[in-house]
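>
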Amino acid sequence: MLLLVAGLCALAGSAVVLALVAVPARETAGGNLVRSLHAFDRARARAGTHRVEPGARRSAVPAWLRALGDRLEHLGRVLTPGTGVQRLERQLDFAGNPANMTVDQVLRGKGIGLVSGLLTWLVVGALLDGAQGALLGALGGAIAGFYACDVIVRNRATARQQELTRSLPDVLDTLVISVEAGLGFDAALAQVARHGKGPMVRELFRVLQEMQIGKSRTEALRAMAARTTVPELKGFVSAIIHSGELGVPIASVLREQAGEMRTKSRQRAEEQAQKVPVKILFPVLFCIFPAMFVVVLGPGILSVLNSF
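Heads up: the sequence shown runs through residues -19 to -1, 1 to 289, numbered per mature numbering (1 follows the signal peptide of the UniProt record, and there is no 0).
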């Protein structure tokens, strides 16, 4: 019976997470333009000029559920220091703002995780070890649930930065081909953004959109570099900006950058290949060797034991 109650608590917590986090994120997804200008919208919200979403978009979520979500969001914000909120904003930028996820939604998820983890592991701990188990389970579940959203966002950010690193050489090669074919740099960016795919292409598409709303190319490129942790991309942006300031032909700069990126990509591949023997050492020692010893030495040991 207690196992059934624990399972129901876990399911209820999961349902609340989906209702308060996933559903609003899906409903507010307005396409590539909204995603690419998400940072601009957040700045307007902090300035108090952000337009409230139409009621039709929020009507799908019941009022009592929204009120509960607001309270849990407040709980997550109270328990998260100011530097933690700023760090979440940076991590969301690094992750590409998946599904237009906002800091408020992440804080709401932290509050939901805290409450659902506390209740679920309170029941499980009581089932396993009585009052002491309930106390430890509630404490551990609350901490794990509260920081689960941070871990998820950080993992998404790390994965996206790795994808940017892998796709950058191919994007640069395409830019080189386009510029050498006679296109200007902005037209080459548009060509790559139109026909490519992946996070690097989406970043270039965002650069073009920011230029369309009034930003200079330098400002848009620097904003792109600030949204990443990839040193190669920051170096590429710096080279493009300096070439425009110094009057250096951009085709030669792109060609040099593309060759450098290819060299670094090959070096990273060689480095990863050299790490493989070390990574497989422990699985071999603790998984494969014991099984081999059982298969090879087992029959002999059994024969010796039977002889006595």
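Every residue, glycine too, gets a C-beta built ideally from N, C-alpha and C. Every value quoted in this text rests on a predicted model; they were computed, and no experiment measured them.
1) Can you list the alpha helix (DSSP H) stretches of 4 or more residues lying completely in the region 79 to 165, in chain order?
2) Could you pull the start and end residues of the alpha helix (DSSP H) that A254 belongs to?
3) With a CB to CB cut of under 7 Å and the five nearest residues on each side skipped, what residues in its chain are close to E144?
4) Is S159 closer than 8 Å to A174 when the C-beta atoms are compared?
5) Three or more C-beta pairs under 8 Å: does that hold for the region 196 to 207 against the region 132 to 144?
6) Which value, in whole angstroms, describes the spacing of the CA atoms of V218 and L100?
7) Count the other CB atoms within 10 Å of the CB of L153; is the residue buried (16 or more) or exposed (fewer)?
8) Can you check whether the CB of A123 is closer than 8 Å to the CB of G92?
9) Go through its chain and collect everything with a Cβ distance to G114's Cβ below 7 Å, but skip five positions before and after it.
10) Just how far apart, CA to CA, sit L53 and L214?
11) Whole angstroms are fine: how far does the CA of Q172 sit from the CA of Q67?
12) Check each candidate in G177, N78 and I222 and name the one with the smallest Cα separation from residue 291.
13) Does the beta carbon of V42 fall short of 7 Å from some heavy atom of the ligand ADP?
14) What does the alpha-carbon distance come out to for the pair T64 and R58?
15) Less than 6 Å between C-beta atoms, sequence neighbours within five positions excluded: which residues of the same chain meet that for S224?
16) Could you check how far apart the C-beta atoms of G118 and W102 are, in whole angstroms? I think they sit under 8 Å.
17) To the nearest angstrom, how far is it from the Cα of Q238 to the Cα of M82?
18) Out of G77, L149, V285 and L189, state which residue places its alpha-carbon closest to the alpha-carbon of N136.
19) Could you tell me if R249 is buried or exposed, where buried requires 16 or more neighbouring beta carbons within 10 angstroms of its beta carbon?
20) What residue from D131, L49 and V104 has the CA that sits closest to Q72's CA?
21) Could you check how far apart the C-beta atoms of L95 and F127 are, in whole angstroms? I think they sit under 8 Å.
22) Using beta-carbon positions only, say whether G177 and T155 come within less than 8 Å of one another.
23) CA-CA distance, V84 and M242?
24) Could you tell me the alpha carbon to alpha carbon distance between P212 and R147, rounded to whole angstroms?
Well, looking at it:
1) 84 to 161
2) Here the question's residue 254 lines up with position 273 in the sequence shown. I231 to P264 is the extent of the alpha helix (DSSP H) around A254.
3) As a position in the sequence shown, residue 144 is number 163, starting the count at 1. The residues are G179 and P180.
4) Locating residue 174 in the sequence shown gives position 193, where the first residue counts as 1. Locating residue 159 in the sequence shown gives position 178, where the first residue counts as 1. Contact flag unset, no.
5) no
6) Taking the first residue of the sequence shown as position 1, residue 218 is located at position 237. Taking the first residue of the sequence shown as position 1, residue 100 is located at position 119. The straight-line gap from Cα to Cα measures roughly 49 Å.
7) The count along the sequence shown starts at 1 and reaches residue 153 at position 172. L153 comes out buried.
8) Locating residue 92 in the sequence shown gives position 111, counting from the first residue. Locating residue 123 in the sequence shown gives position 142, counting from the first residue. No, Cβ-Cβ distance for G92 and A123 is not below 8 Å.
9) As a first step, residue 114 is located in the sequence shown; it is residue number 133 there, counting from the start. Contacts found: G106 and A107.
10) Looking up residue 53 in the sequence shown gives position 72. Looking up residue 214 in the sequence shown gives position 233. Computed Cα separation, rounded: 38 Å.
11) Residue numbering aside, residue 67 sits at position 86 when the sequence shown is read from its first letter. Residue numbering aside, residue 172 sits at position 191 when the sequence shown is read from its first letter. Here the alpha carbon of Q67 sits roughly 35 Å from the alpha carbon of Q172.
12) Any property of residue 291 remains undetermined from this structure, which presents the chain solely from -19 to 289.
13) This structure lacks the ligand ADP; in fact it carries no ligand of any kind.
14) As a first step, residue 64 must be located in the sequence shown, where it is residue number 83. As a first step, residue 58 must be located in the sequence shown, where it is residue number 77. C-alpha separation (whole angstroms): 11 Å.
15) One-based indexing of the sequence shown puts residue 224 at position 243. Same-chain partners within the cutoff: I231 and V234.
16) Within the sequence shown, residue 118 is the residue found at index 137, counting from 1. Within the sequence shown, residue 102 is the residue found at index 121, counting from 1. Going by Cβ atoms, the distance from G118 to W102 rounds to 4 Å, so yes, they are a contact pair.
17) Residue mapping note: residue 238 aligns to position 257 of the sequence shown, counting from 1. Residue mapping note: residue 82 aligns to position 101 of the sequence shown, counting from 1. Their backbone Cα atoms lie some 33 Å apart in a straight line.
18) In the sequence shown, the residue the question calls residue 136 occupies position 155. Answer by Cα proximity: G77.
19) Locating residue 249 in the sequence shown gives position 268, where the first residue counts as 1. Exposed, since its Cβ has fewer than 16 Cβ neighbours within 10 Å.
20) Here the question's residue 72 lines up with position 91 in the sequence shown. Residue D131 is the option with its Cα nearest to Q72.
21) Here residue 95 is taken as the residue at index 114 of the sequence shown, counted from 1. Here residue 127 is taken as the residue at index 146 of the sequence shown, counted from 1. Right, the Cβ-Cβ distance comes to about 4 Å (below 8 Å), so this counts as a contact.
22) On the sequence shown, residue 177 is found 196 positions in, with the first residue counted as 1. On the sequence shown, residue 155 is found 174 positions in, with the first residue counted as 1. Going by C-beta atoms, G177 is nearer than 8 Å to T155.
23) Looking up residue 84 in the sequence shown gives position 103. Looking up residue 242 in the sequence shown gives position 261. About 34 Å.
24) Within the sequence shown, numbered from 1, the residue matching residue 212 stands at position 231. Within the sequence shown, numbered from 1, the residue matching residue 147 stands at position 166. If I take the Cα positions, the gap works out to 12 Å.
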